[in-house]
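Okay, structure first, notes after.
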Amino acid sequence: MGAHQPVEESRLLDLLKRAAGELGATAWVVGGYVRDKLLGRSHLDLDVVVEDGDSLAVARRFAALAGASPPVTFERFGTAQVTLPGRLVEFVTARVESYAPDSRKPDVRQATLDEDLRRRDFTVNTLLMDLDGNVHDRLGARHDLEGRVLRTPTDPEKTFTDDPLRMLRGIRFAAELGFELAPDLLPAMRRLRSRLAPPVISAERIAEELRKMLVSPRPKGAFELLDEADLLAVILPEVAACKGVAQTGYHTHDVFGHTLLAVEATPPDLLTRLGALFHDVGKPSTAKGDGTFIGHEEIGAAMAKAALERLRFSQRETDVVSRLVRLHLRPVFYRSEWTDGAVRRLARDAGPLLDRLMALARADIAASAYPEPEKLDELQARLDAVRAERPSRLQPLITGEEIMRALGIGPGPEVGRIKQKLEELVIDGELPPERQALIDYLSEHQNL
Numbered sequence: 188m189g190a191h192q193p194v195e196e197s198r199l200l201d202l203l204k205r206a207a208g209e210l211g212a213t214a215w216v217v218g219g220y221v222r223d224k225l226l227g228r229s230h231l232d233l234d235v236v237v238e239d240g241d242s243l244a245v246a247r248r249f250a251a252l253a254g255a256s257p258p259v260t261f262e263r264f265g266t267a268q269v270t271l272p273g274r275l276v277e278f279v280t281a282r283v284e285s286y287a288p289d290s291r292k293p294d295v296r297q298a299t300l301d302e303d304l305r306r307r308d309f310t311v312n313t314l315l316m317d318l319d320g321n322v323h324d325r326l327g328a329r330h331d332l333e334g335r336v337l338r339t340p341t342d343p344e345k346t347f348t349d350d351p352l353r354m355l356r357g358i359r360f361a362a363e364l365g366f367e368l369a370p371d372l373l374p375a376m377r378r379l380r381s382r383l384a385p386p387v388i389s390a391e392r393i394a395e396e397l398r399k400m401l402v403s404p405r406p407k408g409a410f411e412l413l414d415e416a417d418l419l420a421v422i423l424p425e426v427a428a429c430k431g432v433a434q435t436g437y438h439t440h441d442v443f444g445h446t447l448l449a450v451e452a453t454p455p456d457l458l459t460r461l462g463a464l465f466h467d468v469g470k471p472s473t474a475k476g477d478g479t480f481i482g483h484e485e486i487g488a489a490m491a492k493a494a495l496e497r498l499r500f501s502q503r504e505t506d507v508v509s510r511l512v513r514l515h516l517r518p519v520f521y522r523s524e525w526t527d528g529a530v531r532r533l534a535r536d537a538g539p540l541l542d543r544l545m546a547l548a549r550a551d552i553a554a555s556a557y558p559e560p561e562k563l564d565e566l567q568a569r570l571d572a573v574r575a576e577r578p579s580r581l582q583p584l585i586t587g588e589e590i591m592r593a594l595g596i597g598p599g600p601e602v603g604r605i606k607q608k609l610e611e612l613v614i615d616g617e618l619p620p621e622r623q624a625l626i627d628y629l630s631e632h633q634n635l
């Protein structure tokens, strides 16, 4: 086995069987690993449920047999995690858990294996695999797996009340797996939508599900389901507000429909898809009723920043997405008449976000009936050319200190203004991209 290859299933099962056997416990692999094995999908992490035994003790023995570090334990929940090359193995004692109406911390108690399975989120996640590799189905999960249906093991209102995040998980699984929701799920979600807000469910848990929906193969379907379940207005009111906002010109959908088409047209990169999700959220508040949305990119950038901060996205992620929203119109408005200086300004202003910005622009145009999508190919070729220029005209070539020395002036806003003016002259090709040329120019233009 190579140093970076995940531990093989046969060895994992053998180690689990030895660890459980030595301690007189019964252990099963449960949930997503078994589901995806039957679906032919890769799933590296294992969940192990222990009955008639101590899950923490089984985890410790398994880690020792595998030559792994001791498990990270969460005694209150009776869970432990063992990290192996390429895999994470989580152990849990058969249990039931539920959330009080105003608490994000579940009440947990030990239970039988059947009780444990019935308290899980969806039947397709109740499949068991014994430590000889045989699959066991106690709740009709194979039928749902074959029918590609997500169904709760008990009444959906009880399942979702026990952990309201399961409403988002169901939609995320539908987007990841291409499954349908059973008919009773959406009505239950609508009735329980208020349970999804903090303090019951933390912003971080909600954000994690949104991340997975966005990079899934079907992000558009996920957001359509969120809307149909009345959950979108609870977790992303900024996006929900785009529903029914009419557009004119080349647009074929309202702002919400256009947004979802744009999200689906972007590559499966989280930050680019977040940029697409928020790129037009400023339109509802800037709509004039005549098809114009002046300044929506600035308003939208601020709204994206506030939404991502509320959902506890990282500062870097928040900054990237808000910048993409602020800049998203620039490539869309490209014309062949642009000077090389204008192309350089776009490259400079986007900086390391340029490739994501261009992907967003292509998606924005693809999500409408825009007649000249090939213009972005021309822009891309020109961007590649100006980025390849050596020496580069995109980098600052002179410092404030050098300007002060050349002009014999002290610190102040005038220094920044002069520096910006010099950079613009370089960008426009009126000065060569050489530090000495800028200093010489300053000496000849004392009143710049």
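Under my numbering, the first residue of the sequence shown is numbered 188, with each subsequent residue one higher.
Note that the Cβ used here is the ideal one computed from N, Cα and C, for glycine as well.
Keep in mind it's a predicted model, so treat the numbers as computed, not measured.
Residue i: first and last residue of the uninterrupted alpha helix (DSSP H) it sits in
i      : result
Val245 : Ser242 to Ala253
Leu271 : Taken as a continuous stretch (DSSP letters only), Leu271 belongs to no alpha helix (DSSP H), being part of the beta strand (DSSP E) at Thr266 to Leu271.
Arg460 : Leu457 to Phe465
Phe360 : Leu352 to Leu364
Ala474 : No alpha helix (DSSP H) holds Ala474; DSSP gives it neither H nor E.
Phe347 : Pro343 to Asp349
Asp417 : Run containing Asp417: none; DSSP gives neither H nor E here.
Glu626 : Reading off the sequence shown, one finds Ile at residue 626, where the question assumed Glu. Ile626 -> alpha helix (DSSP H) spans Arg622 to Glu631.
Residue environment, residue i, which counts as buried when at least 16 other CB atoms sit within 10 Å
i      : result
Thr346 : buried
Ser403 : buried
Lys492 : buried
Arg359 : buried
Asp551 : buried
Gln623 : exposed
Gln633 : exposed
Met188 : Unreliable placement is indicated for Met188, whose pLDDT of 42 sits below 50; no coordinate value is reported for it.
Val610 : Before going on, a small fix: residue 610 reads as Glu here, not Val. Buried is the call here.
Asp350 : buried
Gln434 : buried
Phe249 : buried
Glu425 : buried
His515 : buried
Thr310 : buried
Ala207 : buried
Asp331 : buried
Asn321 : exposed
Phe465 : buried
Gly469 : buried
Ile596 : exposed
Ala568 : exposed
For residue i, the first and last residue of its enclosing beta strand (DSSP E)
i      : result
Leu200 : Leu200 -> not in any beta strand (DSSP E); alpha helix (DSSP H) instead, spanning Glu196 to Glu209.
Val468 : Note, Val468: premise wrong, no beta strand (DSSP E); not H, not E.
Arg274 : Arg274 to Thr280
Asp234 : Leu233 to Glu238
Thr260 : Val259 to Phe261
Ala572 : Run containing Ala572: none in the beta strand (DSSP E); it sits in the alpha helix (DSSP H), Lys562 to Ala575.
Val216 : Thr213 to Val217
CB contact flag (residue i, residue j, <8 angstroms)
i      : j      : result
His483 : Asp506 : no
Lys608 : Gly587 : no
Asp303 : Arg282 : yes
Val442 : Pro406 : no
Leu563 : Arg549 : yes
Thr270 : Ser242 : no
Val194 : Leu314 : no
Leu629 : Ile590 : yes
Pro258 : Ala244 : no
Leu448 : His438 : no
Trp215 : Met354 : no
Leu337 : Phe366 : yes
Ala474 : Phe480 : yes
Gly408 : Ala361 : yes
Pro518 : Leu544 : yes
Pro578 : Glu524 : no
Nearest-angstrom Cβ-Cβ length linking residue i and residue j, presumed shorter than 8 angstroms
i      : j      : result
Thr446 : Leu547 : With 8 angstroms as the limit, Thr446 and Leu547 do not qualify as a contact, their Cβ atoms being about 12 angstroms apart.
Leu379 : Thr348 : 7 angstroms
Asp414 : Arg377 : 11 angstroms between Cβ atoms; not a contact.
Leu200 : Leu318 : 5 angstroms
Arg580 : Ile614 : 6 angstroms
Gly240 : Thr213 : 7 angstroms
Val573 : Val530 : 5 angstroms
Ala375 : Glu344 : 5 angstroms
Gly616 : Asp527 : 6 angstroms
Leu252 : Leu202 : 5 angstroms
Leu383 : Ile422 : 7 angstroms
Asn312 : Gly218 : 5 angstroms
Within 8 angstroms, do at least three Cβ pairs link the region 487-505 to the region 390-409? Counting Cβ pairs under 8 angstroms, three or more are found: they touch.
Should the region 272-281 be called in touch with the region 232-241, which here means at least 3 C-beta pairs below 8 angstroms? Yes, the region 272-281 touches the region 232-241.
Indicate whether the contact test is met: 3 or more Cβ pairs, each with one atom in the region 369-379 and one in the region 420-436, closer than 8 angstroms. The region 369-379 makes no contact with the region 420-436: fewer than 3 CB pairs, one atom from each, lie closer than 8 angstroms.
Three-pair Cβ contact test at 8 angstroms for the region 457-477 versus the region 511-524: When Cβ pairs closer than 8 angstroms are counted between the two stretches, the region 457-477 is seen to touch the region 511-524, the count reaching three or more.
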